[in-house]
Each structure stands twice: as C-alpha cells, then as structure tokens.
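Novice: Protein chains in written order, with the working numbering: chain A, -3 to 364; chain B, -3 to 364.
And the structure:
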C-alpha cells in the first residue's frame, strides 16, 4: 500500500542479509553489550541517551566510509572495512585529546553482499558479521560502545533507471569527552611552536600502492593485523589523552588528508605559517620499500602527501618537555610554526641542502 | 602520487560543484552562524566541541537520506530534500522530549548535480545552495546550529567498473538535551496507558502517491510550504518538550515507519500489547482525498501503515489530563496499552462494528 520511491527490483534476493531491517538491527544489537557507564540507553529507541561527565566538554565528529571511494570490496576484507570505519572516527577523537564515549553507525547495504565479480558468497560467514568483527574488536579495545545509528538498503538504480550493483556506505559518528576548555584545536598553534608528529608517515599510502601493484600479496597480508598502517590504522587515543593531561600541546590535528594538507589546515585556522625540516620527517619502512621498488620517485613524497596515516600532528612551545615516546609511540619534532612572511607560502619545506621551497598541499582532496 | 581507489573518471567536470572539497566546506561554513551558546567549536576542526547543560542527559540520533531510497531528484526539489533530511533527525529529538542542541551532516555528492534526464543545470542556483536553503530554514526555526559533518564525492562506478550516475547520500546526526532521567522512551509504556497521536495520519504517504499519479501537479505544489506532510514534515519538538515538562507521558516514539510498525516497537520494548480503536484514528484530509480518488482502497490503511508522517505517538496514564491541543497541535486518544494475552497479536484493531482483528506491522521496512 505504501508508495515506494525505488524502481522495481530485478535482482535476486539476498543470500546473506537477514530477512528485514528489524532483523538486521536485532542482530547488531545482540552483539553489542548492554548500556552502562555514561551510556544510559543504546540501540532500540528513537535516540540514544548519554550522560556526559559534568566537568567535561563533549566532542563530536562524523566520517564517511564509501565503497569505491574509501575502500574496495575486492581489496579490503570486511574486517578491515569495519576496523577502518571506526578508526577514522577514533582518530578525530584522539586529535582533540578526548576520551571516546560512544559510537554511532549509519550503514547502507546492498541486497547482495557476495564477493564482487565471482558470483560467490564469502565462504566463511556473512559480510555483515565479519564487518562487525573488525569494528567491534577495535571498539572493545578502546571501550567505546556502539550506541545507535541507522540502516538502509543501498540504491541499485540511478536516476535514469540504469541498474548497477548496490554500494556499501557507512557514516561513523564518534562522541568523546575532554576536560572543559582543554580540547586540542587546530586554531591554537602559536608562532615559535615546534611541530611534532607521532609514528612514521607514508606507510598507509605505500601499503595501498601494494594493493594495486600486487593484489595477491596484498590479499594474503590482510589476514595479519601486525604493522598494516593502511589496513589497520591505530588511533592515537592514548597520545591525545597524555597531551591534554600534561597540558603540553597547543594545537592538534590527525593526519588523514596528508601532512602537507593537514598542516595547512593548522596554519589557516591559527593564522600562521610553518616550516618543515625534510630530514626530520619520519618515514615509514613501507614507504622506503616503495621507493626501493621503484613504485614512487621518493618515499618522502608519500610521507608528505600520502594521507590516511592517522598519526597525530601537534604543536607545543619549545620549552615544553616533549618526550621521545608518549604512550609507547615515537614522537618526532619536524618543524616550526612561524608568523606569515610576505611572498612566502604558508607551508615551506627546508631540504637537506638548506634549500627552502613552497610545499603545496598535495594530499587527498575529494572533488579535486 | 597518492594511490586512488576509484576508477578513472570519464565524466565531464562538474558545473555546479565548487572546485574542491575545501571550497565546498568553506561555502557551507560561510552560511552557518559562528558558534555560540552550548556550541563552543563548530565547523573547521577535527571535531566540534559542545557543552551539554550539567543537569541534562544528552540524546543522539542518526538518519540516512539516500537518493532513490528516501527521495528522488526528479520529484523532490533541493529545498525539500534539505528540509526532510533535517526533519528526520529533529523528529527523533522530539520523540525523546528533548531540545535540539546541534546538527551534523555527512553529505556525499555526485560530480554532476544537474536536473536528471534533462541535461540542464537547475536554472536558478546550484543544487547545494538550494539544499541548504531548505535545511537551514528549518534549522533556524528550531535554533539548531549545523556544527559539523563530513563531505565526499559519490562513487560513479560499481565493483564491475560499470558507470552510473552518482547518487546523493546524506546522513543527519542530531544532538539534543533533556532533563536527566526524563527522556521519553519506547520502553516505559504501562498496561492501561492511553495511546495518543499528534496531528492527522496518512497525509505524507497520500502526498507521495500524488507524485507518482500526477507528477506535474506534484511539482507545482512543491513550491508552497503550506500543509505538505510529505514535502515539509513539521517535527513536533514543542509537543515533546511540553510532554516532558508536564511529566504527563510514560512512553514516546515518532511515526516514521507507520503507526502499525511504530506501535509494535513500543509494545516490544515495553513488553506489552496494544489495542487501537479504528474510529478514533485521525485521518489526514489528503488520505481521504486519495480514497475518494480511488488511489487506495481505504484512507485508514494509509493512516495505519503509510509512514513518514513524523507525528508523535505517546502513552499516558488514564488519569493524566492530556489536553486536546498541545503547542497548537491536535492530540487524539486512539487506543490503549494492554498486558499480553495468549493467542492474541501484539497489536489489534477494534473496528467500528466491534470486530477485533490482528493488525500486522505493514509499515515501511527496508530489506523486506
């Protein structure tokens, strides 16, 4: 009786999806612990109910994970897609120096979720189960409950009625809390601040390059969770918490778009310029391997522009005693915030030979 | 240099989209007021920062608006899509009896946003501008700031590399606050409670039927914002606030899936059954018109199963003095919550002739 928007379906019914949306929600709800702590009411009502600690600010971030844009089903196993989806949100929480409170997931799924191109279902278990294996393993590690969200069936016809395979779309929402007024902001860098990054850079894009160059090897290595900066990025929650509790940092951002782009964000929001020291930028071994293999002209390029490393960049005054490791993660000073100079770019790179040149924001940008 | 996931683009560059994602975000940011009140930091950082009133619980809800699933670009003008996107979230806030605090929007847009099928751009202004006209007009009315979100370019190839037109996907996140412990929950109905609904039902689905039956007339009426339950649903925020402040209601839900389905949600979460009085169900004039026009066998069917009316259903004890109007909106008693009886359905309908029959949940369900 209800009028429907979509064209009639010509596809065969799903093998892996539960019979209905309510069944899907019930299946998710079953895997999620009962609300406790700051989460009062979770999945099952019109909205979730949370109690934010009274002395804290609430921080909120949302991030899309779209098939064919942020992941490919023939490259990324479901566990990886689930992990990365949540890690994107957690990394933003980390960049604010906040503690994660709760996650919300809006998930749109096609009617058919078999292995694309093969016509076969995933052999072991359904795609959804494995997606939540990856998602909830990371959620458990950071004690962040899945508190709600939305589900829908992905469209399979475009406006001209042309049929195409439905694509997965996920939007992750993360809530976090941080002591009032203490969130690490992009806008709080000061001239003279030293610029630091966590970990090593360029590894995520080097690993993704491998997927295009050697898909079989890439598929094989997705089974291990060790040292896969692209497949299993580690949100730097503990580093962010230490930076805030020690009151050491002025400004912070996570490296999602790439160092050159994200540092430009800090410059713009703080009204400053920045100079990077090329020799000081920590390069991930996978990026160095990509240079040795001749896949890229320079590993430094991947570290500067590669993106999706999900490491943190922060600035702190020179007199701050920033240790070499925070929460077990290497911390590297890589440059300095400066006041603007006429006819000089916002971000410049000082090369090993002392030559200084403008560093264009070369990170990933949609709509570019 | 950065490896890219998507297939090379063969489409022509966009006419209406700004040059890049940063330009798009800047354009949105320009239309949004500077943070004030409980919103401390809005668009422009890794996350937004909010201060939730100390005596309040926080409520959070997310809702997808997907092209070809929830709207069609040849039926719905951009202002309508923007309005409905936000109204979905606000209606959930209303159902909890909460006051909206902030909205977050994740928005995925195709490279081309011209009028589908015509090859022409929208004549007046760009699709995005008009979407935000609708979105922000409703946001202003309820004083809810757009505090952040995400943007992406919609995929245009499926897994087999088949090109299709990119589709719009929006995910709206609403935060609200309500006095601690006072949120209206689906699970708090009690046996003997009277069931009430706001407004009249079946109008939204009747109006959507008109789009399929008489697209030209439908297009013409989209220009007016008066009495369009499908195009411009009104979230019942003020009713929800009054119900909570007066402590009159036990349980609440918004009618998004349809009365029969949403009442079943209340029954399931409260562990109860319900009986509806057919003669008492308020039927929207557009639903009655649809019956007279022979589009549907009965207007009551639309009111029971039509969905997307975004009215509120709530339960209250018999001795509560529920007025006939709350915040200017008609309130109708339509039935009663009951304890379960063996061999009787969760929700039953008492017809005008006294006959009682099981009422199947016939509302909209994805994956059905």
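C-beta: ideal position from N, C-alpha, C; glycine also.
All figures in this text were calculated on a predicted structure; none of them were measured in a lab.
Can you list the residues of chain A that residue 227 (chain B) reaches, using a CB-CB cut of under 8 Å?
Specialist: Within the second chain, the letter at position 231 stands for residue 227 (chain B). Correct list: empty, because the minimum Cβ distance to chain A is about 13 Å.
Novice: According to DSSP, simplified to helix, strand and coil, what is residue 318 (chain A)?
Specialist: As a position in the first chain, residue 318 (chain A) is number 322, starting the count at 1. Residue 318 (chain A) falls in the coil class under three-state DSSP.
Novice: Under 8 Å: do the region 141 to 149 of chain B and the region 187 to 199 of chain B share three or more Cβ pairs, one atom per stretch?
Specialist: As far as the Cβ criterion goes, the region 141 to 149 of chain B does not touch the region 187 to 199 of chain B, which means the pair count is below three.
Novice: Residue 329 (chain B) lies in the beta strand (DSSP E); which residues open and close that run?
Specialist: Sequence index remark: in the second chain, residue 329 (chain B) carries index 333 (1-based). First-last of the beta strand (DSSP E) with residue 329 (chain B): 325 to 334.
Novice: Within 7 Å (strictly less), CB to CB, does residue 92 (chain A) reach chain B?
Specialist: The count along the first chain starts at 1 and reaches residue 92 (chain A) at position 96. Chain B, which has a Cβ nearer than 7 Å to the Cβ of residue 92 (chain A), makes this yes.
Novice: Mind the definition here: the region 296 to 309 of chain B touches the region 206 to 224 of chain B only if three or more C-beta pairs lie below 8 Å; say whether that holds.
Specialist: With the cut-off at 8 Å, the region 296 to 309 of chain B and the region 206 to 224 of chain B do not touch.
Novice: At the 7 Å Cβ level, is residue 318 (chain A) part of the contact set with chain B, yes or no?
Specialist: As a working note, residue 318 (chain A) is residue 322 in the first chain. Output row for residue 318 (chain A): interface = no.
Novice: With C-beta atoms as the reference, is residue 162 (chain B) less than 7 Å away from residue 150 (chain B)?
Specialist: On the second chain, position 166 is the one that residue 162 (chain B) refers to. On the second chain, position 154 is the one that residue 150 (chain B) refers to. Yes, the Cβ-Cβ distance between residue 162 (chain B) and residue 150 (chain B) is below 7 Å.
Novice: Would you say residue 111 (chain B) faces chain A, with C-beta separation under 7 Å as the test?
Specialist: In the second chain, counting from the first residue as 1, residue 111 (chain B) sits at position 115. Legend: pLDDT at residue 111 (chain B) = 48, less than 50; position of this residue unreliable, no value from coordinates given.
Novice: Which residues in chain B have a C-beta closer than 8 Å to the C-beta of residue 96 (chain A)? List them in chain order.
Specialist: Residue numbering aside, residue 96 (chain A) sits at position 100 when the first chain is read from its first letter. Under the 8 Å cutoff, chain B gives no residues; its nearest Cβ is about 11 Å from residue 96 (chain A).
Novice: Provide the residue(s) that pair with residue 127 (chain B) in DSSP beta bridges, ordered along the chain.
Specialist: On the second chain, position 131 is the one that residue 127 (chain B) refers to. According to DSSP, residue 127 (chain B) bridges with nothing at all.
Novice: At 8 Å on the CB atoms, spell out the chain B contacts of residue 373 (chain A), in chain order.
Specialist: Only positions -3 to 364 of chain A appear in the structure, and residue 373 (chain A) is not among them; the question remains open.
Novice: Against chain B, with Cβ distances strictly below 7 Å, would residue 155 (chain A) count as a contact?
Specialist: As a working mapping, residue 155 (chain A) is identified with position 159 in the first chain. Yes, residue 155 (chain A) counts as interfacial toward chain B.
Novice: Compare the C-alpha of residue 195 (chain B) against each of B:324, B:56 and B:243 and name the closest.
Specialist: One-based indexing of the second chain puts residue 195 (chain B) at position 199. The candidate whose alpha carbon is nearest that of residue 195 (chain B) is B:324.
Novice: Assuming residue 301 (chain A) and residue 254 (chain A) are in contact, meaning their beta carbons sit under 8 Å apart, how far apart are those beta carbons, in whole angstroms?
Specialist: As a first step, residue 301 (chain A) is located in the first chain; it is residue number 305 there, counting from the start. As a first step, residue 254 (chain A) is located in the first chain; it is residue number 258 there, counting from the start. About 5 Å; that satisfies the 8 Å criterion.
Novice: What would DSSP say about residue 241 (chain B), mapped onto helix, strand or coil?
Specialist: Position 245 of the second chain holds residue 241 (chain B). In this structure, residue 241 (chain B) counts as helix in the three-state DSSP scheme.
Novice: Between the region 269 to 287 of chain B and chain A, which residues of the former have a C-beta closer than 8 Å to a C-beta of the latter?
Specialist: Those residues of the region 269 to 287 of chain B that come within reach of chain A (Cβ to Cβ, closer than 8 Å) do not exist; the list is empty.
Novice: Please compile the residues from chain A whose C-beta is within a distance smaller than 8 Å of the C-beta of residue 63 (chain B).
Specialist: The count along the second chain starts at 1 and reaches residue 63 (chain B) at position 67. Result: 151 and 155.
Novice: Please report the residue range of the alpha helix (DSSP H) in which residue 88 (chain B) lies.
Specialist: Reading the second chain from its first residue, position 92 is the one you call residue 88 (chain B). From DSSP, the alpha helix (DSSP H) with residue 88 (chain B) extends over 74 to 91.
Novice: If I'm right that residue 88 (chain B) touches residue 47 (chain A) with Cβ under 8 Å, what's the distance once you round it to whole angstroms?
Specialist: Counting from one through the second chain, the residue named residue 88 (chain B) turns up at place 92. Counting from one through the first chain, the residue named residue 47 (chain A) turns up at place 51. Rounded, the Cβ-Cβ distance is 19 Å, inconsistent with contact.
Novice: Taking 7 Å as the threshold (beta carbon to beta carbon), is residue 99 (chain B) in contact with chain C?
Specialist: Of the protein chains in the structure, A and B, none is chain C.
Novice: What's the gap between the Cα of residue 77 (chain B) and the Cα of residue 355 (chain A)?
Specialist: Taking the first residue of the second chain as 1, we reach residue 77 (chain B) at position 81. Taking the first residue of the first chain as 1, we reach residue 355 (chain A) at position 359. Their backbone Cα atoms lie some 40 Å apart in a straight line.
Novice: If you reduce the DSSP assignment to three classes, tell me which class residue 296 (chain B) lands in.
Specialist: Position 300 of the second chain, counting from 1, holds the residue named residue 296 (chain B). It is helical.
Novice: How should residue 336 (chain A) be labelled, buried or exposed, when 16 other C-beta atoms within 10 angstroms of its C-beta is the threshold for buried?
Specialist: As a first step, residue 336 (chain A) is located in the first chain; it is residue number 340 there, counting from the start. Result: exposed.
Novice: Between which two residues does the alpha helix (DSSP H) holding residue 215 (chain B) run?
Specialist: Here residue 215 (chain B) corresponds to residue number 219 of the second chain, with the count starting at 1. It spans 211 to 217 - the alpha helix (DSSP H) in which residue 215 (chain B) sits, taken as one unbroken run.
Novice: By alpha-carbon positions, which one of B:212, B:290, B:264 and B:123 ends up nearest to residue 202 (chain B)?
Specialist: For the purposes of this step, residue 202 (chain B) is taken as residue 206 along the second chain, with counting starting at 1. When each option's Cα is compared against that of residue 202 (chain B), the closest is B:290.
Novice: Cα-Cα, which of A:129, A:320, A:79 and A:66 is closest to residue 26 (chain A)?
Specialist: For the purposes of this step, residue 26 (chain A) is taken as residue 30 along the first chain, with counting starting at 1. Closest by alpha carbon: A:129.
Novice: Go through its chain and collect everything with a Cβ distance to residue 357 (chain B)'s Cβ below 6 Å, but skip five positions before and after it.
Specialist: The residue given as residue 357 (chain B) occupies position 361 in the second chain. Cβ neighbours of residue 357 (chain B) beyond the five flanking positions: 256, 257 and 260.
Novice: With distances taken from CA atoms, which of B:71, B:353 and B:49 is nearest residue 216 (chain B)?
Specialist: Numbered from its first residue, the second chain carries residue 216 (chain B) at position 220. Minimum Cα distance to residue 216 (chain B) is reached at B:71.
Novice: If contact is defined by three or more beta carbon pairs under 8 Å, each pair taking one atom from either stretch, is the region 57 to 73 of chain A in contact with the region 165 to 184 of chain A?
Specialist: As far as the Cβ criterion goes, the region 165 to 184 of chain A touches the region 57 to 73 of chain A, which means the pair count is three or higher.
Novice: Measuring straight from C-alpha to C-alpha, what distance separates residue 126 (chain A) and residue 157 (chain B)?
Specialist: Your numbering for residue 126 (chain A) matches position 130 in the first chain. Your numbering for residue 157 (chain B) matches position 161 in the second chain. Distance between the alpha carbons of residue 126 (chain A) and residue 157 (chain B) is about 25 Å.
Novice: Between which residues of its own chain and residue 273 (chain B) is the CB-CB distance below 7 Å, once the five residues before and five after are set aside?
Specialist: Along the second chain, read from residue 1 onward, the residue named residue 273 (chain B) stands at position 277. Correct list, in chain order: 330, 331 and 346.
Novice: How big is the Cα-Cα spacing for residue 278 (chain B) and residue 160 (chain A)?
Specialist: By one-based count along the second chain, residue 278 (chain B) stands at place 282. By one-based count along the first chain, residue 160 (chain A) stands at place 164. Their Cα atoms are separated by approximately 41 Å.
Novice: So with CB distances below 8 Å, who are the chain B contacts of residue 40 (chain A)?
Specialist: Numbered from its first residue, the first chain carries residue 40 (chain A) at position 44. Simply 182, 183 and 265.
Novice: Can you tell me where the beta strand (DSSP E) with residue 352 (chain A) in it begins and where it stops?
Specialist: Here residue 352 (chain A) corresponds to residue number 356 of the first chain, with the count starting at 1. Residues 352 to 354.
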